[in-house]
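Number of protein chains: 2
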Amino acid sequence: MNSRNEILNAACRVFAQLGFRGCTTRRIADAAGVNEVTIFRQFGSKEALLREAMKLTHSVGLAPLPDVPADPDRELSQWSESFIQHLRLRSSMIRKTMSEMEERPDMSEHASYVPKQASADLCHYLIALRRQGKTAEKFDPKTASAMLMGAIFADAMGRGMMPDVYPQPAEKAAQMYARLLLKALGVENGLRRTTNKQTKRTKQLSA
Amino acid sequence: MNSRNEILNAACRVFAQLGFRGCTTRRIADAAGVNEVTIFRQFGSKEALLREAMKLTHSVGLAPLPDVPADPDRELSQWSESFIQHLRLRSSMIRKTMSEMEERPDMSEHASYVPKQASADLCHYLIALRRQGKTAEKFDPKTASAMLMGAIFADAMGRGMMPDVYPQPAEKAAQMYARLLLKALGVENGLRRTTNKQTKRTKQLSA
DNA sequence: TGTGTAAGCAAGTAACTACTTGCATTCCCT
DNA sequence: AGGGAATGCAAGTAGTTACTTGCTTACACA
């Protein structure tokens, strides 16, 4: 039963590196330290294995965003930071999955769960912010959430290839995007109603 | 000499559909209506052909952005619209290239020319805007340009897969992102210092 | 009229692909 | 002690891959 997990993990690694066509059963077996036949005995076919491996890979949780916004700057910065970290850790896998999605849509359908959930969470949060009267003006929540998530996504996908296109330093980028969005929504940073203690904690966490 | 171009175009089409490994000389030859041997006589190897095809694909111009901003809303909306159209037309090719870039960096290095140029253009424009005093506050041009370009890029790449995550209608999305960015920079649409005539024209174009 | 060049066609090469089969080994459970 | 399940190993199958070779056809140009 252990070899099964070894194979699944190896399949994920090799797929992230080489894509579906480059991800041969030979290479998976080598990466898993397992005989190639074992793969077929356990999963029947390469496609069945990859399908299961993809399902496993994309079943992960997401950082939460409070139902009732209290400190928009801190909350949105932290959420953005954890989201960009999630994407950066999986950038190779995501690139391969996006590339393969047109050819094998059913095999990688789980890949859209995380971004869909993230978008729903963020929209919900922004609407709550507006209901609280913390935003200065009318705005379309979907446009705003697509803007922040798009910036984070593009940064996670593109920085390795074109570092000079994205803001420096990389560790602050998510926060900078979040703050720029808050400015667009008219949420004023300076007028935050948090205590000094909270402000300090925010600084530590976002450093 | 004509067969050479047929082969190059076919190679681009097949690559955009199937990626490097799926882009076999057999399939390229079929798509080009040419005998497979002709490919090797003309280009020597599959890799040499693909290298040349990629170079050709990524040598395209970009919509300009004025050196001296006059009507930020109109200019930025139009630029965003042409940029998102550029990306949407090439989304398959871009996905494949991004996926292949880790494995064959030298083959697809030209792919970064357009986004790099776009980023430089946009930064330059935003800095000019700020110098004109049309922006309300201090801001980091690179963060702002990465934000708008990221939103546009993610929309172009992801809308087909998750249409409910992005603003509707698709044809207005680029403009909505551009306007949200202008809000973040404190550029006031209503308080524009253009003449009535220009304002009218803007309204028509942006409707 | 002759000559060079680009192309097609048929066949073949060596390597790799997913996948199968038969047999031997290990280990757990009763 | 014995039987069954999981695994390894060696070998093989049929198809595909990039690339080559030898020969033929068509056409432009001098």
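As given, the protein sequences belong to chains V and W, one line each in that order.
If you're matching positions, the first sequence starts at 289 in the working numbering and goes up one per residue.
If you're matching positions, the second sequence starts at 289 in the working numbering and goes up one per residue.
Glycine included, each C-beta is placed from N, C-alpha and C at the ideal position.
Quick caveat: nothing in here was measured; it's all calculated off a predicted structure.
One alpha carbon belongs to V/Val325, the other to V/Lys404, and they sit about 38 Å apart.
Taking a Cβ-Cβ threshold of 7 Å, the residues of chain W close to V/Lys384 are Ser387, in chain order. W/Met435 has a beta carbon lying within less than 8 Å of a beta carbon in chain V. The count of Cβ pairs closer than 8 Å, one atom from the stretch 299-311 of chain V and one from the stretch 299-310 of chain W, reaches three, so the stretches are in contact.
When only Cα atoms are considered, W/Ala466 and W/Lys426 end up about 18 Å apart. Only buried fits W/Arg383, as 16 or more other CB atoms lie within 10 angstroms of its CB. With distances taken between CA atoms, V/Lys334 lies nearest to V/Arg315 out of V/Leu417, V/Arg315 and V/Thr423. The beta carbon of W/Arg309 falls within 8 Å of a beta carbon belonging to chain V, placing the residue at that interface. Where V/Arg362 is concerned, the enclosing alpha helix (DSSP H) starts and stops at Pro360 to Leu377.
Looking from the CA of V/Pro457, the closest CA among W/Ala462, W/Thr431 and W/Met449 belongs to W/Thr431.
In the three-state DSSP reduction, V/Met386 falls in the helix class (H, G or I).
At a cut-off of 8 Å between beta carbons, W/Glu459 makes no contact with chain V. Along the stretch 363-374 of chain W, there is no position whose C-beta sits under 8 Å from a C-beta of chain V. Judged by beta-carbon spacing, V/Pro352 lies beyond the 8 Å limit of V/Lys422, meaning their Cβ atoms are not closer than that value. Residue burial annotation: V/Ser347 is exposed, with fewer than 16 other C-beta atoms found within 10 angstroms of its C-beta. The C-alpha of V/Pro451 lies about 12 Å from the C-alpha of V/Ala461.
The alpha carbon of V/Trp367 has as its nearest neighbour, out of V/Gly474, V/Gly332, V/Glu388 and V/Asp409, the alpha carbon of V/Asp409.
At least 8 Å separates the beta-carbon of W/Val453 from that of V/Ala416.
Below the 9 Å Cβ cutoff, chain W contributes Ser400, Pro403, Lys404 and Ser407 as neighbours of V/Met450, in chain order.
Per DSSP, reduced to three states, the secondary structure at W/Gln330 is helical. When only Cα atoms are considered, V/Pro354 and V/Phe303 end up about 35 Å apart. For V/Lys343, no Cβ of chain W is located within less than 8 Å of the residue's own Cβ.
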